[in-house]
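Trainee: Got a structure for you, questions after.
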Amino acid sequence: MEVQASTSASAPAPTPAPLVVNAEYYKEIERARRYLRALISSKNCAPMMLRLAFHDAGTYDALTKTGGPNGSIRNPQELNHSANRGLETAVDLCEKVKRKHPCITYADLYQLAGVVAVEVTGGPTIHFVPGRQDSLSSPKEGLLPDANKGADHLRSVFNRMGLEDKDIVALSGGHTLGGAHKQVSGFDGKWTEEPWKFDNSYFKELLKSSTKFPTPSNPPTGYSQQKPSSSAAGEDSTGRRLFIFSTDQALIKDPKFLEYVMLYEQDEEAFFRDYAASHKKLSELGFVPPTWTSRVITAVKNSSTMAKTAAGVAFATTAIAITFYYRQRSQRKEE
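Using the UniProt record's numbering, you'd call the opening residue of the sequence shown number 1 and step up by one each time.
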């Protein structure tokens, strides 16, 4: 649904200060992660958060080193791009998290929201490295994939980012979540029967949509974009039409893409593995984590583990002491 962005969510912030990723920043990231889990689960907004993360990152140009996951999507100029229609709500929800955790950059927050959206819906765990710097410079319009186009367009867009065929197909699997809304894209429907569950059903529905079972050497031809009223993909259990975009159809019409579609349709573990790797790549386009960031993360995790271990040892010691006390007391009574 199209919602007007609130002033707090879309108003440009002052020029950001240089970001320092230290132990406290990482701890704040983990606190925000917990808050996001609860927020996304309660609002049923996982598809929207995943789309926000993708659209903030998907403007990257590997040649000019511009765009990418830098939080610029919150700027009114970029948020008003036609491809970002409907994301005002996601930006506003993230603003709630930002107010609770102000030290976290928008760039980190939006990508963290995408990671959490996948995890809370049953998808793979995606390794998240913080440290993205915010930008107030928005890219030109037209850098994101156009759902009405085909394989050549997909390759052009994703190759510009520095991504490959496997990334294109794996990331397209994110369509297992959510659906299309008439107010946003002109279409109304969803890709799978369970749009709140992250699994490999998107690829199963893609292959079902073909009039004959395709193979890489004999892909289906002659498709046109399916609207809900005439969807080749059928209906879900509630009677609501399933549908596919032209960019979805391209994945089974192109022999190289089709190889990955067939793999992921048959092997969910392979899909989860490749999706996690591709999502991480997308979330880090143009972002080179400082060499010491990994040491900070390791130190915080080790500290947490040591604290838990110490607590466990203390508990065990107390339990032993109590047991010994009662045994001694019991023996005295018997004497």
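Ideal Cβ placement from N, Cα and C applies to all residues, glycine included.
#1: What's the gap between the Cα of Glu88 and the Cα of Leu79?
#2: Report the three-state DSSP secondary structure of Ala46 (helix, strand or coil).
#3: Does Leu242 come out as helix, strand or coil in the three-state DSSP assignment?
#4: Please classify Arg51 as buried or exposed, where buried requires at least 16 other C-beta atoms within 10 Å of its C-beta.
#5: Based on the DSSP output, what are the partners of Gly179 in its beta bridges?
#6: For Asp167 and Arg99, what's the separation of their Cα atoms in angstroms?
#7: How is the alpha helix (DSSP H) around Phe158 delimited, first residue to last?
#8: Give me the Cβ distance between Ile126 and His279, rounded to the nearest whole Å; I'm assuming they're in contact under 8 angstroms.
#9: Measuring straight from C-alpha to C-alpha, what distance separates Asp199 and Val169?
#10: Could you compute how far the alpha carbon of Lys227 sits from the alpha carbon of Lys190?
#11: Alpha carbon to alpha carbon, how far is Met49 from Arg37? Give it in angstroms, no decimals.
#12: Just to confirm, are Pro76 and Leu177 a CB contact at a threshold of 8 angstroms?
#13: Sorted by chain position, which residues of the same chain lie with C-beta nearer than 7 angstroms to Ala147's C-beta, five sequence neighbours on each side aside?
#14: Less than 8 angstroms separating the beta-carbons of Phe271 and Gly162?
#15: Between which two residues does the alpha helix (DSSP H) harbouring Ile168 extend?
#16: Per DSSP, which residues does Thr66 bridge with? Please list them.
#17: If you follow the alpha helix (DSSP H) that Cys94 is part of, which residue opens it and which one closes it?
#18: Using CA atoms only, rank isn't needed, just tell me which of Val91, Ser209, Arg273, Gly86 is closest to Leu171.
#19: For a quick check, are the C-beta atoms of Gly71 and Leu143 less than 8 angstroms apart?
#20: Shortest alpha-carbon distance to Gly131 belongs to which of Ala23, Leu263, Arg34, Pro145?
#21: Looking at C-alpha atoms only, which residue of Leu282, Leu112, Phe203, Ser201 is the closest neighbour of Arg33?
#22: My guess is that Ser283 and Ala57 are in contact by the Cβ rule of under 8 angstroms, so how many angstroms apart are they, rounded?
#23: For Ser229, does the count of other Cβ atoms within 10 angstroms reach 16, so buried, or fall short, so exposed?
#24: Where does Thr247 fall in DSSP's three states?
#25: Hey, quick one: how far does the alpha helix (DSSP H) through Phe272 stretch, first residue to last?
#26: Apart from the five residues on each side of it in sequence, which residues of its chain come closer than 6 angstroms, Cβ to Cβ, to Lys204?
#27: Quick check: Phe243 and Leu251, are their CB atoms within less than 8 angstroms of each other?
#28: So the alpha helix (DSSP H) Phe287 belongs to, where does it begin and stop?
#29: Given a cut-off of 8 angstroms, decide if Val97 and residue 336 are closer than it, judged by their beta-carbon atoms.
#30: In angstroms, rounded to a whole number, what distance separates the CA positions of residue 354 and Lys208?
Mentor: From the atom records:
#1: Cα to Cα, Glu88 sits roughly 7 angstroms from Leu79.
#2: Reduced to three states, the DSSP call for Ala46 is helix.
#3: Assignment of Leu242 by DSSP, reduced to helix, strand and coil, places it in the strand class.
#4: Counting Cβ neighbours within 10 Å, Arg51 comes out buried, since at least 16 surround it.
#5: Per DSSP, Lys190.
#6: The alpha-carbon atoms of Asp167 and Arg99 are separated by roughly 34 angstroms.
#7: Phe158 -> alpha helix (DSSP H) spans 151-161.
#8: About 5 angstroms separates the Cβ atoms of Ile126 and His279, confirming a contact at the 8 angstroms cut-off.
#9: Going from the Cα of Asp199 to the Cα of Val169 covers about 14 angstroms.
#10: Since pLDDT at Lys227 reaches only 44, below the 50 mark, its modelled position is unreliable, and the value read off the structure follows with that caveat. So the alpha carbons of these two residues sit roughly 11 angstroms apart.
#11: Between the alpha carbons of Arg37 and Met49 lies a gap of roughly 11 angstroms.
#12: Their beta carbons are not under 8 angstroms apart, which means Pro76 does not touch Leu177 by this criterion.
#13: For Ala147, where only same-chain residues beyond five positions count, the Cβ hits under 7 angstroms are Ser185, Phe245, Ser246, Thr247.
#14: Against a cut-off of 8 angstroms, the Cβ pair of Gly162 and Phe271 comes out as no contact.
#15: Judged by DSSP secondary structure, Ile168 falls within the alpha helix (DSSP H) whose first and last residues are 165-172.
#16: Thr66 is bridged to Asp61.
#17: In the DSSP assignment, Cys94 falls within the unbroken alpha helix (DSSP H) covering 88-100.
#18: For the residues Val91, Ser209, Arg273, Gly86, the minimum Cα distance to Leu171 belongs to Arg273.
#19: No. Outside cutoff.
#20: Comparing Cα positions, the closest option is Ala23.
#21: Minimum Cα distance to Arg33 is reached at Leu112.
#22: So it is a contact: roughly 6 angstroms between Cβ atoms.
#23: A caution first: Ser229 carries a pLDDT of 34, below 50, which makes its placement in the model too unreliable to give a value.
#24: Of the three classes helix, strand and coil, the one that applies to Thr247 here is helix, per DSSP.
#25: DSSP places Phe272 in the uninterrupted alpha helix (DSSP H) bounded by 268-283.
#26: So the list reads Glu265, once near-sequence residues are dropped.
#27: Against a cut-off of 8 angstroms, the Cβ pair of Leu251 and Phe243 comes out as no contact.
#28: Premise fails: Phe287 is in no alpha helix (DSSP H) and is neither H nor E.
#29: Given that the chain is displayed from residue 1 to residue 335, the structure contains no residue 336 and the question cannot be resolved.
#30: Nothing about residue 354 can be reported from this structure: the residues present for the chain run from 1 to 335 only.
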